[in-house]
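Going by my numbering, the first residue of the sequence shown is number 16, and it counts up by one from there. A virtual CB, placed ideally from N, CA and C, is assigned to each residue, including glycine. Structure first, then comments.
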Amino acid sequence: MGGGNPPNYSYTYDLMGRLTNLYEPSCNTSGNNLTSKPVVTGLAAPVSGGNPCVNYNTAPTELVGSASYGPAGEMTSATWADYNLTNTYSETRTYNSLLQLTEIKTTGPTTTGTGTVMDMQYTFTAGANNGRITQSTDAVSGETVQYAYDVLNRLASATGAGWSTAYSYDGFGNLTQKASTGGAPSMGPIAFNAQNQVSGQYDANGNMIGPTYDVENRVIHPQTSGAPWYTYDPRGKRVYMETPNLNTPPYNVATACEIYFYGITGQRLVTYSCSYNDGSGGDNTLYYSTKSRNLYFGGKLIRSADVAVVTDRLGSVRANSNPTVTGGERFSYYPYGEERTSTADGREKFGTYFRDVGIGGTTDGYSGAVDYADQRYYGVGTGRFMTPDPLGLAGANLKNPGSWNRYAYVGGDPINFTDRHGTHRECVGPEDDLTCSDEPDNPCDEDPFMIGCGLGGGRPSGGGGGNPGSGGGGSYDPNPCSWANLSQAQQGMLNAPMWTTASKEAQQEFMDVSLDAAAIGVPLDGLTISTVTIAGQNGAAQTEVNFTGNTANLVKWLDTSGVFTSNQQDPLVGAPHAGYTGNYRQNTLTWSMQINTNGGGAQIDIDPYNPAYGLAGLLGHGLFQVIPNLLTGGDTNPFRTRSALQQGQRANMGAPCTGN
16 MGGGNPPNYS YTYDLMGRLT NLYEPSCNTS GNNLTSKPVV TGLAAPVSGG NPCVNYNTAP
76 TELVGSASYG PAGEMTSATW ADYNLTNTYS ETRTYNSLLQ LTEIKTTGPT TTGTGTVMDM
136 QYTFTAGANN GRITQSTDAV SGETVQYAYD VLNRLASATG AGWSTAYSYD GFGNLTQKAS
196 TGGAPSMGPI AFNAQNQVSG QYDANGNMIG PTYDVENRVI HPQTSGAPWY TYDPRGKRVY
256 METPNLNTPP YNVATACEIY FYGITGQRLV TYSCSYNDGS GGDNTLYYST KSRNLYFGGK
316 LIRSADVAVV TDRLGSVRAN SNPTVTGGER FSYYPYGEER TSTADGREKF GTYFRDVGIG
376 GTTDGYSGAV DYADQRYYGV GTGRFMTPDP LGLAGANLKN PGSWNRYAYV GGDPINFTDR
436 HGTHRECVGP EDDLTCSDEP DNPCDEDPFM IGCGLGGGRP SGGGGGNPGS GGGGSYDPNP
496 CSWANLSQAQ QGMLNAPMWT TASKEAQQEF MDVSLDAAAI GVPLDGLTIS TVTIAGQNGA
556 AQTEVNFTGN TANLVKWLDT SGVFTSNQQD PLVGAPHAGY TGNYRQNTLT WSMQINTNGG
616 GAQIDIDPYN PAYGLAGLLG HGLFQVIPNL LTGGDTNPFR TRSALQQGQR ANMGAPCTGN
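In structure tokens, the structure reads:
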């Protein structure tokens, strides 16, 4: 076997599971000396004063980068360098009073020396805290782009210097047409059927016809001339690519390949080129060498293919230190990802997606350029993915009907949202800003398909160490669900002695119910917790949160909000539990909150399936919940509930409870 020396990445964590060091021996840091303020993950505190540093040990004495933060944990400045330390970039960030990011300015190498390589300025809706950008200005090129939105908060138009595009959508959120002037790309009109597909252009699994898919609906072969074959790991990561029937130097082998290695945070770090001769007379010896390396700082891409890169608010690459181009390359994009500049593909570009070439077919307006989006593929410029969301209905959000479209990209708003993993849209932040007030931030981005919970484990909140929405949080504690890390509203439902002796499962069940109830709008004012029961613990048969107090206000809301259905309205809701007079289920198919009530209390749990929500709910509730629970004596795992709520973006669940 031929090859080279593989890189050696080292990680250190604090007691909360947050990454505190990603380093080489020269990084002068002091282990776990994080301040109590929650900061961008990937941060290591210095021994004495100065900025934190992050680096990795593929080359001795290499300092990768540093960052500084404001009082609310927002990144205010950062510096980083390319692999051989030839080029260094310095970034400053400016925020308004709402902590919305209004400018990212980066200096670095230019054609005339050192100067400004990116200066993106953002203007938000005047007089409204809705987190939507109405104008972006590229101060380097001088171009200003105006954005307008329709009543469903989808991008309706974008108007730049000498070009404009009007965007049309159908009732299901499919991008049906782009009507453009001035050379901007056009598309459509396209008609979609009730399955949000173009009739005759999708297979029975909902995948776009053209590429070859494996049994898990992942692209394994684009079926274009000379196209490669792909292999994935159990978490859906693309880990291997090969192109057979070649005569590839230097060993004149028959098959060329690439191997991709990911860090423990789920980001691709190293690409190896490889080859072997499996043809006539070949001995199948595998030859490999390092092709390129990526590096991230707190989730921010700072190196791609060994060159330093500069990214904007969405994570799109805007500049780099490519040594073959004087001053490096520059990049710009239209709103849905089409590149306005002309640069080579096969690397990270729009939204930090890896831009492949030629995977797509010609249907649905696909130009052939496709972005690898971690869990599936995005058709550049089309506003949709090639395959349905692998999260299925678990990724749908009742508050956002457009989320039920399992193909649409970021709900029709590519200016304010990203979808880093191809599973659900995310507000930009929280390390960038606290915008998108109508949708919970999801920095942890944990789901069943991901390697882990980003670089952190929860959401930074003002005051330090607090739970999402706490506004404070008090003293730092290694358990994210500790008493000190609860919000005032949550503490008001509990008493400290009971909470500090509760099991981690009981704590997680309370967090699931309280955070989801707050997100839905369920009024729990005046109610206090009597017990939290976990099936199999202390003789309990079910997993539930039991409240005491006057429920008149709660019952009135349940009867009039339209969010829940009672057993009196639909008998499939089920009879009230013993000791209760009313039973209500949330009007969702999956992860439906159930509330039993009487005059002096309530009992709340969250079920994976709602038996009153059509045949699918009835069968799911019986086959996947009731029968297994009868056989095992168990009930729904609170940590499974937490993960589902997080991925469905019903609520920002924070990090999992770790116990006392």
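- In this structure, residue 543 keeps its C-beta atom at 8 angstroms or more from the C-beta atom of residue 557.
- Rounded to the nearest whole angstrom, the C-alpha separation of residue 156 and residue 351 is 20 angstroms.
- About 6 angstroms separates the beta carbon of residue 160 from that of residue 173, a gap short enough to meet the 8 angstroms contact definition.
- Burial of residue 404 is indicated by the presence of at least 16 other C-beta atoms within 10 angstroms of its C-beta.
- In chain order, 105 and 131 place their CB closer than 6 angstroms to the CB of residue 122, counting only its own chain and leaving out the 5 sequence neighbours on each side.
- The criterion of a C-beta distance shorter than 8 angstroms is not satisfied by residue 331 and residue 306.
- Put simply, the stretch 188 to 195 touches the stretch 417 to 433. At least three CB pairs are less than 8 angstroms apart.
- A direct Cα-to-Cα measurement between residue 108 and residue 94 gives close to 12 angstroms.
- Going by DSSP, residue 95 is part of the beta strand (DSSP E) stretching over 90 to 96.
- A residue is called buried once 16 or more other Cβ atoms fall within 10 Å of its Cβ, and residue 292 is buried on that count.
- In the DSSP assignment, residue 579 falls within the unbroken beta strand (DSSP E) covering 579 to 581.
- The Cβ neighbour count for residue 502, taken over all protein chains shown within 10 Å, is at least 16; the residue is labelled buried.
- Contiguous beta strand (DSSP E) elements confined to the stretch 147 to 229 occur at 148 to 153, 158 to 164, 170 to 175, 178 to 184 and 190 to 196, taking only those with 3 or more residues.
- Taking the Cβ atoms as the reference, residue 538 lies roughly 22 angstroms from residue 669, outside the contact range of under 8 angstroms.
- Residue 290 is not a Cβ neighbour of residue 320, given a cutoff of 8 angstroms.
- Counting C-beta pairs with one atom in each stretch, the stretch 193 to 202 and the stretch 424 to 434 have fewer than three that are closer than 8 angstroms, which means they do not touch.
- Under DSSP, the beta-bridge partners assigned to residue 139 are 148.
- Residue 370 has its alpha-carbon roughly 44 angstroms from the corresponding atom of residue 579.
- Taken atom to atom, the span from the alpha-carbon of residue 334 to that of residue 316 is near 12 angstroms.
- In the three-state DSSP reduction, residue 284 falls in the strand class (E or B).
- Look at the stretch 511 to 577 and you find these whole runs of alpha helix (DSSP H), each 4 residues long or longer: 511 to 515, 519 to 535 and 567 to 575.
- A residue is called buried when at least 16 other Cβ atoms come within 10 angstroms of its Cβ; residue 135 meets this threshold and is buried.
- Counting of Cβ neighbours within 10 angstroms places residue 170 among the buried residues, the total reaching 16 or more.
- By a beta-carbon distance limit of 8 angstroms, residue 82 contacts residue 90. Their separation comes to about 6 angstroms.
- Residue 389 places its beta carbon less than 8 angstroms from that of residue 437.
- Classified as exposed, residue 639 has fewer than 16 neighbouring CB atoms from the shown chains inside 10 Å of its CB.
- Pairing residue 552 with residue 592 gives a Cβ-Cβ distance that is not under 8 angstroms.
- For residue 317, DSSP records no beta bridge to any residue.
- Annotated three-state conformation of residue 124 is strand, per DSSP.
- For residue 629, the enclosing alpha helix (DSSP H) has its first and last residue at 629 to 636.
- Secondary structure note for residue 654: it is in no beta strand (DSSP E), and the uninterrupted alpha helix (DSSP H) holding it is 653 to 662.
- Burial of residue 234 is indicated by the presence of at least 16 other C-beta atoms within 10 angstroms of its C-beta.
- Distance between residue 602 and residue 535, taken at the CA atoms: about 11 angstroms.
- Rounded to whole angstroms, the gap between the alpha carbons of residue 572 and residue 250 is 41 angstroms.
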